[in-house]
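Chains as they are written, first to last, in numbering that gives the first Met the number 0: chain A, 0 to 648; chain B, 0 to 102; chain C, 0 to 131. The beta-carbon is built from N, C-alpha and C at its ideal position, and this holds for glycine as well. Everything below concerns the one structure shown next.
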Amino acid sequence: MADLGRAALVVSFGLALYALVVGAIAAHQNRRRLAASARNALLACFGSTLVAAIVLATALVRHDFSFSYVASHTNRTLSPVYSLSAFWGGQEGSLLLWLLVLTGYGALAVAINRRLLRDLVAWVVPVLGGIATFFSFVLVAVASPFDTQTAPIDGAGLTPSLQNPYMVAHPPMLYLGYVGLSIPFAFAAGALLSGRPDERWIVATRRWTLAAWMFLGFGQLLGAHWAYVEVGWGGYYAWDPVENAALMPWLAATAFLHSVMVQERKGMLKVWNVVLVALAFELSVFGTFLTRSGVVNSIHSFAQSPIGGWFLAFVVISSVFSVVLILWRLPLLQARTKLESALSREATFLYNNLLLVALCLAVLWGVLFPIITELVKGESRTIGRPYYDFFLRAFGLPLLLLMGIGPLIAWRRTSLRALTRSLAWPVAAALTTGIVLIAAGAGSSSPGLIAYSFSAFVVAAIVVELVRGTRVTGSLWRLVARNRRRYGGYIVHFAIVLLAIGIAGSSAYGATRERALRPGETMTIRGYSLTYQRIVHPPNANATETRAVLDVSGRWNGKLSSGTNAYRNPPETSNEVGIHTSWLRAEDLYVITDDIRPSGVVYFKVLVKPLVNLIWIAGVVFLLGSAVALWPDAREQRRLVLRLAPARA
Amino acid sequence: MSALAIVLAVALAAAAVVVVCLPYLREPEVEDDRLDAPTEGEAKRLALAEERDRALAALKELEFDHRTGKVGDEEYRELLGPLRRSAAEALRALELSDEAEAG
Amino acid sequence: MATRNPARLIVALAVAVVLAIFLLYTAIAGKSTPQLSPSQLSGHAGAVSVVGVVVGPVSGDSHSQRGLRFGLRDRGAARGKVVPVVYHGESPPPLFKATREVVVTGSFDHGRIAGAGIVTKCPSKYTAQPKA
């Protein structure tokens with residue numbers, strides 16, 4: 000059946016190329032049936048890609064090791080769910096997933112908007128076709144998931160650290176986000192190509208952007224939680240290029256979600272918005288490449304990875320295309336109004352954008368630093384955690400503050416007097432928090448102290464907004480229903496505050512101790528005393544489990560076990576940490592067995608992580624807020640139809 | 000290549016060709032094969048409608064901000080006039096353009 | 000219009016501030032470590048981060064005086080210079096073993112790397128690699 004998969008991908012490639020070339024001709028020559036034909040090609044491209052995906056999924060579940068991909072990523076002992084998750088466990092499969100999601104999203108977006116925005120969609124089709132052409136070409140010619148071989152008796156298996164529920168959900172979530180960002184890009188490019196100055200593309204893609212952004216954000220938190228509970232080094236984010244790969248487009252998309260409101264309200268920042276959409280898209284393609292090719296520590300890593308050169312070429316070509324397109328259509332992107340005051344909602348959005356983009360570029364600079372220094376100095380150099388931490392504080396803390404100020408400032412302009420009145424409560428809350436924390440001895444970390452004070456400020460600002468709004472509308476429910484997008488946004492802001500508190504708490508106020516213990520010996524940390532009892536080997540069919548059992552007393556009384564799993568196939572070892580979460584104290588006791596010696600001595604690393612759980616709670620709140628903002632709004636829909644309908648009559 | 004795979008692959012390719020040709024199969028002859036892109040007038044109307052929605056939203060927002068105390072009385076009075084004017088202008092321009100279209 | 004758009008002023012100021020922060024950072028805290036492959040090490044001394052493939056035998060242990068010992072070779076090279084590593088500290092990550100690509104941070108002196116940290120690549124990479 001590998002032949003069917005390969006053939007389906009060839010068909011996909013042909014259809015994508017058709018959508019690109021014929022779609023562009025149709026849109027350019029204004030030919031209706033030809034445009035419809037190109038659009039159908041895009042829909043059919045999804046169909047044939049789906050066939051290819053089904054062939055691969057079937058082979059994975061049926062353990063058909065004549066597929067090289069199946070043989071190198073699964074084995075017979077793997078459960079069907081994890082066999083299926085190997086779909087995105089390797090390079091070829093994840094590229095196929097990219098193409099599948101892209102054509103699926105594209106077909107849906109084009110189908111939904113084909114009537115109301117027919118002229119625009121005619122130009123969106125070739126752009127989406129172009130992106131699909133690239134990915135299907137790579138899948139056909141460079142990294143085919145359908146290479147075959149003489150079937151071995153068993154496959155190589157899936158790395159144990161990928162065999163857990165997080166790794167089933169996290170990669171598809173990220174892909175839904177990465178790929179989703181190509182829809183607003185295609186619509187923005189389509190609008191520019193069609194040469195129409197209106198803002199239908201923004202209306203058409205608002206929810207796509209929001210959904211992609213939500214998936215990307217939530218996917219990252221899933222990944223962080225996976226790192227925390229499964230990888231077991233005691234942290235959740237390490238500024239690894241692969242992690243940064245998802246953070247960068249998310250930051251760019253966050254900036255876009257804010258700045259696009261300025262364009263909707265005031266007709267400003269049009270150039271900036273298309274630049275941001277293009278940046279988010281390019282970063283998501285670059286991110287896919289980073290994730291798939293590994294550490295970019297040298298120019299040679301591009302050459303070493305078979306797909307590297309192709310991806311680099313695609314990023315360059317699509318960036319040049321975007322830049323040329325924007326420059327060409329610059330006259331269409333003239334602002335209609337000017338910024339009236341530096342103290343207005345639109346101005347705060349501008350500051351927030353600059354900070355977000357600056358943070359995004361700082362991260363990008365860090366990722367590319369080894370390559371740049373190699374090009375300039377002939378020697379590759381890296382910058383580590385201190386660099387990223389510095390910029391997270393330098394740009395992140397002001398962003399946090401802005402998140403509180405922004406909502407209290409009116410559009411157009413705000414007098415200092417009105418602002419002072421609005422700020423009274425939040426400032427009081429921030430000062431009180433700061434003083435209480437210093438009194439409680441939390442002044443040991445000034446970034447932590449600042450983060451907490453700012454967080455109190457933001458929460459107070461949100462509460463002030465809700466209270467004032469509720470007073471006017473009569474009920475909180477009606478207030479939120481009035482502008483779901485805004486109040487959904489506030490819920491997301493609250494999630495970001497939780498995230499900030501969690502990050503500051505676990506990194507600025509945590510404790511770590513390392514000790515080698517013999518059975519019966521005790522170590523203490525932050526009021527917990529841990530006594531190492533013995534080693535046990537719980538039964539496990541696929542691995543030798545080794546666990547050190549500890550009695551914990553003091554702040555919490557109970558047992559914790561921590562150790563390793565040595566898997567038989569593939570022969571790999573994973574850390575299995577012991578975590579006790581105290582919800583009341585809002586802290587985690589985190590035990591890593593660093594080394595278990597035959598002599599009976601065990602090297603323990605024990606961490607106390609305050610408030611780390613807020614990070615995971617933030618993920619749920621983030622989803623809730625995004626869902627509120629995404630929820631269909633009948634009134635908004637009616638208004639839009641009213642706006643667009645006469646033009647279509 | 001197994002026979003089944005060949006048959007399925009050929010069927011897939013054939014289906015793709017049919018789907019792509021569908022617009023021509025459905026309408027072999029048409030009078031007007033142009034994309035019905037908005038005319039000059041419609042594009043103008045759309046721009047005016049966007050302007051109107053923007054102005055009305057701004058008015059509504061100002062009203063709400065004033066009632067919640069985000070905008071003081073003085074600024075409210077200052078901002079209200081120009082916003083009302085621009086909203087009225089947008090509405091009038093839209094009406095004129097609709098009349099011109101109709102007439 | 001005689002007055003310039005204040006948006007431009009704000010953007011210009013912001014860009015200036017951001018640049019200033021960058022400069023400040025590189026001036027005060029800008030520490031970068033050279034990242035090298037094992038074959039590029041000769042002639043270097045001091046702090047390095049070395050990217051390479053672990054070459055066995057892996058012996059000893061990182062908590063003892065003698066340390067954990069192994070070799071590093073250039074990525075993608077089947078043969079070639081192997082630089083010895085003596086590593087002290089926490090146990091290496093679970094994915095660490097011969098044939099794996101790792102980044103070792105530490106210092107290079109007298110033809111030997113004194114390792115203080117080992118990072119293995121994200122596990123999703125391994126599955127994509129052909130079996131060694």
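Which term fits residue i, buried or exposed, when burial requires 16 or more other beta carbons within 10 angstroms of its beta carbon?
i       : result
C44(A)  : buried
V315(A) : exposed
K69(B)  : buried
C20(B)  : exposed
G510(A) : The identity of residue 510(A) in the sequence shown is Ala, whereas the question assumes Gly. Looking at its Cβ environment, which holds fewer than 16 other Cβ atoms inside 10 Å, A510(A) is exposed.
D31(B)  : exposed
V17(B)  : exposed
D118(A) : buried
E586(A) : buried
K265(A) : buried
V80(A)  : exposed
G222(A) : buried
A312(A) : exposed
P159(A) : buried
For residue i versus residue j, is the C-beta spacing smaller than 9 Å?
i       : j       : result
E100(C) : V53(C)  : yes
F64(A)  : A70(A)  : yes
A8(B)   : V139(A) : no
L250(A) : C359(A) : yes
P183(A) : A23(A)  : no
L157(A) : H62(A)  : no
G89(A)  : Y177(A) : no
E26(B)  : R114(A) : no
R344(A) : R411(A) : yes
A89(B)  : A54(B)  : yes
A142(A) : E198(A) : no
K604(A) : R512(A) : yes
A540(A) : T76(A)  : yes
S84(A)  : L161(A) : yes
Y165(A) : W87(A)  : no
T720(A) : A25(A)  : A query on residue 720(A) cannot be resolved here, the shown segment of chain A reaching from 0 to 648 and no further.
G128(A) : V20(A)  : yes
In this structure, does DSSP put residue i in helix, strand or coil?
i       : result
T67(B)  : coil
V619(A) : helix
Q34(C)  : strand
K96(C)  : coil
L115(A) : coil
I117(C) : strand
D72(B)  : helix
T290(A) : helix
W587(A) : According to the sequence displayed, residue 587(A) carries Asp and not Trp. Residue state, collapsed to three classes: strand.
Y566(A) : strand
K80(C)  : coil
V14(C)  : helix
Y527(A) : strand
H536(A) : coil
P56(C)  : strand
R634(A) : helix
L660(A) : Because chain A here runs from 0 to 648, residue 660(A) falls outside it and cannot be looked at.
Verify the contact flag: residue i, CB atom, against every heavy atom of the ligand GTP, threshold strictly below 8 Å.
i       : result
R637(A) : The ligand GTP is absent from the structure shown, which contains no ligands of any kind.
Quick one: any contact between the stretch 250 to 257 of chain A and the stretch 610 to 626 of chain A, if contact means 3 or more CB pairs under 8 Å? no
Under 8 Å: do the stretch 65 to 80 of chain C and the stretch 589 to 606 of chain A share three or more Cβ pairs, one atom per stretch? no
Could you tell me which whole beta strand (DSSP E) segments of length 3 or greater appear in the stretch 469 to 523 of chain A? 510 to 516
Would you call the stretch 490 to 509 of chain A in contact with the stretch 438 to 456 of chain A, where contact means no fewer than 3 C-beta pairs closer than 8 Å? yes
Kindly confirm or deny that the stretch 548 to 556 of chain A and the stretch 202 to 212 of chain A touch, where touching means at least three C-beta pairs closer than 8 Å. no
State whether the stretch 566 to 578 of chain A contacts the stretch 587 to 595 of chain A, with contact taken as three or more CB pairs (one from each stretch) at a distance under 8 Å. yes
Kindly provide the ranges of any alpha helix (DSSP H) runs that are 4 or more residues long and lie completely inside the stretch 33 to 121 of chain A, ordered along the chain. 67 to 72, 79 to 84 and 90 to 112
Across the stretch 220 to 237 of chain A and the stretch 189 to 198 of chain A, are there enough close Cβ pairs to call them in contact, namely three or more that are closer than 8 Å? no
Taking one C-beta from the stretch 464 to 478 of chain A and one from the stretch 440 to 448 of chain A each time, how about it: are there three or more such pairs within less than 8 Å? no
Is it the case that the stretch 384 to 398 of chain A contacts the stretch 420 to 431 of chain A, given that we only count it when at least three CB pairs across the two stretches are under 8 Å? no
State whether the stretch 336 to 355 of chain A contacts the stretch 258 to 272 of chain A, with contact taken as three or more CB pairs (one from each stretch) at a distance under 8 Å. yes
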